[in-house]
Each structure stands twice: as C-alpha cells, then as structure tokens.
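Asks: Structure in structure tokens, see below.
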Ligand SMILES: Nc1ncnc2c1ncn2[C@@H]1O[C@H](COP(=O)(O)OP(=O)(O)OP(=O)(O)O)[C@@H](O)[C@H]1O
Ligand SMILES: Nc1ncnc2c1ncn2[C@@H]1O[C@H](COP(=O)(O)OP(=O)(O)OP(=O)(O)O)[C@@H](O)[C@H]1O
Ligand code: SF4
Ligand SMILES: [Mg+2]
Ligand SMILES: [Mg+2]
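Protein chains in written order, with UniProt numbering: chain D, 1 to 323; chain E, 1 to 333.
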C-alpha cells in the first residue's frame with residue numbers, strides 16, 4: 001500500500017505554547033483515519049500545518065512531512081500550496097467563517113471549479129447544481145443566488161462540502177464536517193464521502209467529537225490530548241478496550257452509555273495551558289490510574305501490534321498494567 | 001409596567017407561530033419568493049422544564065429560537081412569555097427580553113475577543129438595569145461562581161479559556177438578568193465529549209437550582225434523550241410529532257421521527273438500528289410539496305398523503321401530524 005501522507009514528530013508553537021507536540025500520523029492511499037480528542041488538543045492545527053496554513057506567529061517543526069513522495073518541508077510555500085491545493089482538500093471546521101459573506105453560493109463553488117477544471121460558465125453552473133444536489137441541498141437551482149447569511153447552519157456546511165469535493169482530491173481532510181447536520185443528512189453526507197473514498201481510492205482524515213460517527217465510519221482512530229497523540233488503535237478495539245486512561249475517561253462521558261443516569265461522568269480538572277504544563281505525563285493530574293512515576297517521567301509513545309499508546313501503564317480490559 | 005408573573009402561566013405559550021422570509025430570484029422581473037422558514041409551531045413550556053427541538057437541517061429550529069428570543073418578530077401567530085403577549089408589544093418589550101436569554105452553538109465566535117470576561121458579563125446589566133459598577137461586579141462574580149468559574153478569571157480574555165469554559169461564560173452571560181427561559185441553540189455540539197458532559201451537567205444543575213425553562217435545540221438525540229422532558233420533532237417548518245420524551249423515544253410514530261431515530265449513529269453495536277433510508281429528494285421550503293410535506297420520502301405514504309395536508313392531533317399520548325398514525329401503532333419497526 002502506498003503511503004500518501006506521512007507526518008513525523010510535528011510540532012507547532014504559538015508564542016511558546018505547544019499547540020502540537022511531537023505528532024506522528026500516517027495515512028495510506030484509500031484509507032480512513034479518524035482523529036478525536038479534547039477541545040484545543042491540536043487536531044485542527046495539525047491539519048492546518050500540513051496545508052501550510054498556520055498563521056503568524058506559529059512556528060512549525062517536523063522531522064518529516066511527506067505528501068505522496070514530495071517532501072513538503074523542503075518546498076517553497078508556493079510550490080507546496082500547488083501540491084496540497086491540487087490533491088488535498090479540506091473541509092474547515094467553521095463553515096460560517098470559511099464562506100465569503102459577500103459572494104453567492106454559485107460564485108464560490110464556481111471559483112473552486114475554475115481553478116481546477118476550467119470549463120465554460122454554463123458547464124460550471126451545471127456542475128455546481130450537480131454538486132449541490134449531491135450534498136442534499138433541495139432545489140439547488142433556486143439557491144444559486146443565495147448569500148451565506150441566508151442559509152441555515154447545516155446548509156452552509158454542505159456548501160463547504162460541495163466545494164471540497166468539487167475537484168476530486170486524493171486526500172480529503174474533513175474537520176467536523178457534519179456537526180451542524182441532522183442525523184439523516186449526516187448519514188447521507190458520510191455515505192457520499194465514503195463512496196468517493198471507495199470509487200476514487202481517496203484517503204480521508206475525519207476529525208470529529210462525535211464518537212458514534214467515528215465508530216461507524218473509520219478503520220483507525222487517533223486520540224489527541226494537549227497537543228500529543230496519546231493512543232492509536234483500530235475503531236473495533238478502541239470502543240471496547242481503550243488503552244489510554246484519557247480515552248477510557250472520554251468514552252465514559254458518552255450520553256449513550258449513561259442513558260438512565262441523572263448526571264454524566266466527567267474528567268476532573270482542566271487541560272494544561274501554556275503555563276501549567278505538568279512534568280511527566282501531561283494527563284497525570286487528571287488520571288485516576290496515575291502513580292508516582294507518571295508525575296516524574298514523560299511516557300514515550302510506543303507502538304506494539306499496531307496499537308500505539310503514550311502511557312506508562314496502558315490499560316488491558318480497563319486494568320492498568322502496573323506489573 | 002405590567003408585572004410578569006411566571007408562576008401562574010406556562011413560561012412560554014406559542015400558538016401557530018410563522019416566519020416567512022422574502023427571497024429574491026435569479027433574473028430580473030421575477031418577483032421575490034416567500035420562504036416559509038417556520039410555518040405554524042405551537043407549544044407550551046412550563047417552569048423548570050426542557051423542551052428539545054429536533055429536526056432536519058433547515059427545518060426552522062433557529063428561526064423558532066429567534067422568534068422566542070424576540071430577535072425577530074413572527075409573520076403570524078401568538079407568543080406569550082410569562083402570560084404576557086410578546087408580539088408587537090412595545091410597552092413590555094424590555095422586561096420580556098430580560099426573561100428570555102440565548103446561548104449559541106459556537107463558544108469561539110459568540111464572545112467578543114477584545115473584552116474581558118467581567119465586561120462581557122456586565123454588558124447586559126449596563127443596558128438593562130440601573131445597577132452601579134460595584135453592584136454589577138458583585139452580580140457577575142456571583143454568577144461566575146454558579147457556573148464554576150473562579151474570581152481570578154474575571155479579568156481574563158476569552159482566548160485564555162478552553163471551549164468548555166467559554167461555553168460556561170456564554171451560559172453565565174445568559175443568566176445575568178435572571179431569566180426564566182434559556183434558549184440553547186446547539187450549545188454542546190462544538191465540544192468534546194467530556195466538556196460536553198460538564199456543560200450538560202451544569203445546565204441540569206442550574207435548572208434544578210433556579211427553576212429555569214430550556215428550549216434546547218440539538219441534532220444529537222442521545223443528548224436530547226438525557227436532558228429533555230418534552231420533544232418537538234420538526235420537518236420543513238412544522239412540528240410533526242411532539243410530546244413526552246419517553247413516549248416518543250420508546251415508540252416513535254411519525255415516519256420522519258422513526259427515520260431520525262434509526263439514523264442516529266451509536267458507539268455500541270448493540271444499540272444500532274437498521275437504518276431507514278429516506279429516498280426521494282429533499283423538499284424545498286421555497287416550494288413545499290402538496291399534501292403531507294414528507295410524502296415523497298415516506299415509506300408509509302398512501303393516496304390521501306399526496307393531496308391532503310395532515311393536521312396535528314392526539315394519537316397514543318402525543319401530538320402527531322400523519323394520516324396513518326393509527327396504523328403505525330402496531331407497526332413494529
Ligand atoms: N492562531 C493561533 N494563535 C494562538 N493559539 C492558537 C492559534 N490557533 C490555535 N491555537 C491554539 O492551539 C491549540 C490547538 O488548537 P486546535 O484548533 O488545533 O484544537 P482542536 O483540537 O481542533 O480543538 P476543537 O476540538 O475545539 O476544534 C488551542 O489551545 C488553541 O487555542
Ligand atoms: N434571513 C433569512 N433570509 C432568507 N431565508 C432564511 C433566512 N434565515 C433563514 N432562512 C431560511 O429559513 C430556513 C430555516 O432556517 P433555520 O436557520 O431556522 O434552520 P435550522 O432548522 O436552524 O437548520 P440547521 O439545523 O441547519 O441550523 C432555511 O431554509 C433557511 O435557508
Ligand atoms: S502515564 Fe500515568 S498518568 Fe499518564 S495516562 Fe498513563 S497512567 Fe495516567
Ligand atoms: Mg478543531
Ligand atoms: Mg440552526
């Protein structure tokens with residue numbers, strides 16, 4: 001299998017704050033990888049770094065940043081955008097801020113098409129209508145002249161999706177693509193994306209807080225906490241047998257698993273910020289399995305039997321392995 | 001000023017609320033179309049209770065939220081807040097507005113990044129009350145304590161907070177004027193599962209403590225199941241099924257509600273249902289289908305559905321708008 005994307009030891013710093021801290025991520029052609037984790041754990045910033053979209057004063061460092069045999073670190077910003085721009089599409093987390101409020105829906109999608117496919121105005125209009133109906137916008141002909149503020153939250157999100165799939169990318173990065181959508185349309189959109197993935201052998205990185213979507217859609221799951229990857233596991237295993245205490249705690253908070261209780265279990269404490277990054281394991285102040293060693297020694301990320309975990313005492317069937 | 005007595009009336013009584021928007025068409029000489037974003041919603045909400053509003057994207061949930069919070073006025077229909085008419089009532093507008101507050105989905109965009117938390121919280125007091133600076137500060141600190149923020153955070157800026165904490169600030173801001181009703185439009189969908197749990201626990205605690213009524217909009221049915229007392233399922237601008245949460249979750253009767261429950265993804269394989277595929281095109285609110293607006297996608301459609309619009313009526317302990325509701329009681333999907 002060909003590696004499409006390879007990220008090794010990626011870090012992104014803003015003013016001394018490590019938003020991303022030593023992240024490894026690789027995605028094979030045609031594969032589907034899910035990323036979950038704490039709000040602010042660096043999921044979006046990791047992907048923005050790949051796209052070359054980290055704003056000032058962000059500093060990117062990496063041992064390797066490869067996209068399909070091109071070393072992105074070695075290229076000029078312009079060259080790099082020409083590669084990522086053509087083969088990688090990103091659905092941004094906030095559709096409201098990524099759509100331009102001054103232009104109509106047709107204009108925005110049409111511009112994306114113009115860059116990649118060209119064609120006459122009529123051809124592009126036809127394609128825009130087709131794309132809008134694929135993402136489930138009813139009566140798309142009537143919506144061409146609409147401005148973003150006239151759309152509901154979920155509709156703007158679908159317009160974004162239409163733009164992202166317009167030019168058949170090899171890698172699609174979807175950052176919370178369905179949060180604003182109801183479940184029936186969500187199912188339809190995920191099906192559309194998975195269909196593209198299979199027919200065109202497109203690779204997909206799916207970032208979401210929706211664990212159920214992850215469980216039903218992806219093969220491999222990466223869990224992030226405070227800028228680091230803390231677990232990488234198959235989606236079959238992670239939901240029944242999480243290895244990292246953070247993953248375990250996260251899954252315990254699911255409403256689905258607490259249907260008859262009055263209150264939901266939560267994780268005590270807060271994610272560390274710029275000034276209170278603890279020694280040892282970053283999760284230790286909040287971890288119910290922590291021992292002395294966790295406070296003092298930074299756990300290394302290690303991979304065994306295709307399960308990766310950053311913890312001194314990974315869980316097996318919910319039991320930490322203290323030895 | 002009329003005194004708003006919220007103990008005797010439902011805090012919200014909405015009758016046949018409608019909101020139409022004009023939408024211009026491509027090409028000149030075409031007259032603007034009227035988009036029926038909300039086309040007749042009725043419900044009551046009592047003190048201390050939660051009504052969850054669910055439904056397809058674009059079915060009018062946020063529009064309803066804008067009417068209830070009086071950000072926009074309805075094209076038609078009646079709205080009473082705490083027993084007082086809230087449509088075209090200039091005299092009581094100020095006091096009514098204080099009774100209903102809103103929490104938005106986006107904890108990042110909805111707080112002004114250039115203002116300190118204290119300033120953000122005191123703003124509604126400045127506009128709506130005669131309190132002096134130290135009284136305002138006291139009030140802000142009191143509410144911050146209630147939502148689990150510490151005193152030191154009074155002077156911080158929003159970017160110094162995590163998503164969950166920002167959502168706490170947004171909740172705190174909504175509580176500054178002692179509202180009876182909080183409208184929450186997707187308040188937890190941008191949050192990770194553990195922060196979501198904190199926020200939901202907070203909302204439930206505050207409800208118990210302050211007897212708040214919530215109008216809770218969400219796409220996440222497992223969240224709705226946890227937090228609501230009643231549910232209103234909407235489709236294309238209209239409620240199609242509404243009633244007690246348990247009644248509806250245990251036995252949904254409207255074919256759209258069934259599809260919605262069946263399409264809900266689950267983490268645990270045993271909870272997954274066979275998906276009901278909605279065939280047919282999504283209808284447009286610009287040109288809604290005749291008869292039952294769901295008929296072209298409905299698996300239980302009969303002839304009458306094509307031309308006669310169903311009305312909301314009571315069947316099996318809930319309100320439902322479907323011609324075939326009785327027949328579906330014995331259907332075991
Ligand atoms: N331009 C920026 N300047 C300073 N800090 C930033 C900037 N962009 C992101 N950050 C910080 O980097 C961290 C990681 O942010 P990121 O957006 O990747 O989180 P995330 O995992 O995507 O969270 P969410 O689930 O809430 O979307 C956060 O603490 C955020 O505040
Ligand atoms: N200012 C406006 N002008 C024209 N049409 C509008 C306006 N605001 C909303 N609409 C339309 O009204 C309908 C209902 O929108 P609304 O935002 O209430 O949906 P929603 O149920 O909140 O959807 P979502 O779940 O996607 O947020 C949509 O078709 C939308 O395009
Ligand atoms: S290393 Fe220790 S503190 Fe960190 S998650 Fe594992 S057990 Fe908990
Ligand atoms: Mg993000
Ligand atoms: Mg909405």
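Backbone N, C-alpha and C define an ideal beta-carbon position, used for all residues, glycine too. Just so it is clear, the structure is predicted and the values come from calculations on it, not from any experiment.
(1) In its own chain, which residues sit with a C-beta less than 8 angstroms from the C-beta of residue 11 of chain E, not counting the 5 before and 5 after it?
(2) When the Cα of residue 250 of chain D is compared with those of E:191, E:90, E:87 and E:49, which residue comes out closest?
(3) Using DSSP's beta-bridge definition, name the partner residues of residue 117 of chain D.
(4) Take residue 291 of chain E and list the residues in its own chain whose beta-carbon comes closer than 7 angstroms to its own, dropping the five residues that flank it on each side.
(5) Quick check: is the beta carbon of residue 198 of chain E nearer than 8 angstroms to any beta carbon in chain D?
(6) Am I right that residue 64 of chain E and residue 230 of chain E are in contact with their C-beta atoms under 8 angstroms? What's the rounded C-beta distance?
(7) Near residue 38 of chain D, which residues of its chain fall below 6 angstroms by C-beta distance, leaving aside the five closest residues on each side in sequence?
(8) For chain E, find out if any of its Cβ atoms is closer than 8 angstroms to the Cβ of residue 259 of chain D; answer yes or no.
(9) Measure the alpha-carbon distance for residue 295 of chain D versus residue 281 of chain D and round it to whole angstroms.
(10) Between the alpha carbons of residue 243 of chain D and residue 309 of chain D, how many angstroms are there, rounded?
(11) Who are the Cβ neighbours of residue 278 of chain D in its own chain at under 7 angstroms, not counting the five residues just before and after it?
(12) Whole beta strand (DSSP E) runs in the segment 100 to 180 of chain D with 3 or more residues, listed along the chain?
(13) Measuring straight from C-alpha to C-alpha, what distance separates residue 188 of chain D and residue 292 of chain D?
(14) I want to know whether the segment 72 to 82 of chain D touches the segment 18 to 25 of chain D - three or more CB-CB distances under 8 angstroms.
(15) Could you have a look at residue 169 of chain E and say whether DSSP puts it in helix, strand or coil?
(16) Go ahead and label residue 1 of chain E buried or exposed: buried means 16 or more other beta carbons lie within 10 angstroms of its beta carbon, across all protein chains shown.
(17) In this structure, does DSSP put residue 79 of chain D in helix, strand or coil?
(18) Is it the case that the Cβ atoms of residue 219 of chain D and residue 31 of chain D are separated by a distance below 8 angstroms?
(19) Kindly indicate the opening and closing residues of the alpha helix (DSSP H) around residue 61 of chain E.
(20) Does the separation of the CB atoms of residue 200 of chain E and residue 171 of chain E fall below 8 angstroms?
(21) According to a CB-to-CB cut-off of less than 8 angstroms, which residues of the segment 46 to 57 of chain E neighbour chain D?
(22) Report yes or no: is there a C-beta of chain D within less than 8 angstroms of the C-beta of residue 303 of chain E?
(23) Count the other CB atoms within 10 Å of the CB of residue 262 of chain E; is the residue buried (16 or more) or exposed (fewer)?
(24) Check whether the segment 201 to 209 of chain D touches the segment 163 to 174 of chain D, taking contact to mean three or more Cβ pairs, one atom from each stretch, closer than 8 angstroms.
(25) Between which two residues does the alpha helix (DSSP H) containing residue 334 of chain E stretch?
(26) Using a threshold of 7 angstroms, is the CB atom of residue 101 of chain E nearer than that to any non-hydrogen atom of ligand 4?
(27) How many whole angstroms separate the CB atoms of residue 131 of chain D and residue 105 of chain D, which I take to be in contact at a CB cut-off of 8 angstroms?
(28) Which one of D:43, D:93, D:53 and D:60 has the shortest CA to CA distance from residue 15 of chain D?
(29) Taking 8 angstroms as the CB-CB cut-off, is residue 108 of chain D touching chain E?
(30) Using DSSP with H/G/I as helix, E/B as strand and the rest coil, what is residue 118 of chain E?
(31) Taking the alpha-carbon positions, what's the residue 86 of chain E to residue 41 of chain E distance?
(32) Give the interface partners of residue 252 of chain E over in chain D, defined as CB-CB distance under 7 angstroms, in chain order.
(33) Is any beta-carbon of chain D found at less than 8 angstroms from that of residue 69 of chain E?
(34) May I ask whether a heavy atom of ligand 4 can be found less than 7 angstroms away from the beta carbon of residue 192 of chain E?
(35) Identify whether residue 276 of chain E lies in helix, strand or coil by the three-state DSSP scheme.
(36) Measuring CB atoms only, is the segment 233 to 251 of chain E touching the segment 201 to 208 of chain E, in the sense that at least three cross pairs come out at less than 8 angstroms?
Replies: The relevant details are as follows:
(1) 45, 46, 47, 81, 82, 99, 180, 181 and 213
(2) E:191
(3) Beta-bridge pairing links residue 117 of chain D to no other residue.
(4) 305, 306, 307, 308 and 309
(5) yes
(6) About 14 angstroms separates the two Cβ atoms, so there is no contact after all.
(7) 225 and 271
(8) yes
(9) 6 angstroms
(10) 7 angstroms
(11) 272, 284 and 285
(12) 171 to 175
(13) 49 angstroms
(14) no
(15) helix
(16) Its pLDDT being 45, under 50, residue 1 of chain E is placed unreliably by the model, and nothing is read from it.
(17) helix
(18) yes
(19) 61 to 68
(20) no
(21) 54, 55, 56 and 57
(22) no
(23) buried
(24) yes
(25) As shown, chain E starts at 1 and ends at 333. That puts residue 334 of chain E outside it, with no answer to give.
(26) no
(27) Contact flag wrong, Cβ pair sits at about 10 angstroms.
(28) D:60
(29) no
(30) helix
(31) 15 angstroms
(32) None at all; the shortest Cβ gap to chain D is about 13 angstroms.
(33) no
(34) no
(35) coil
(36) no
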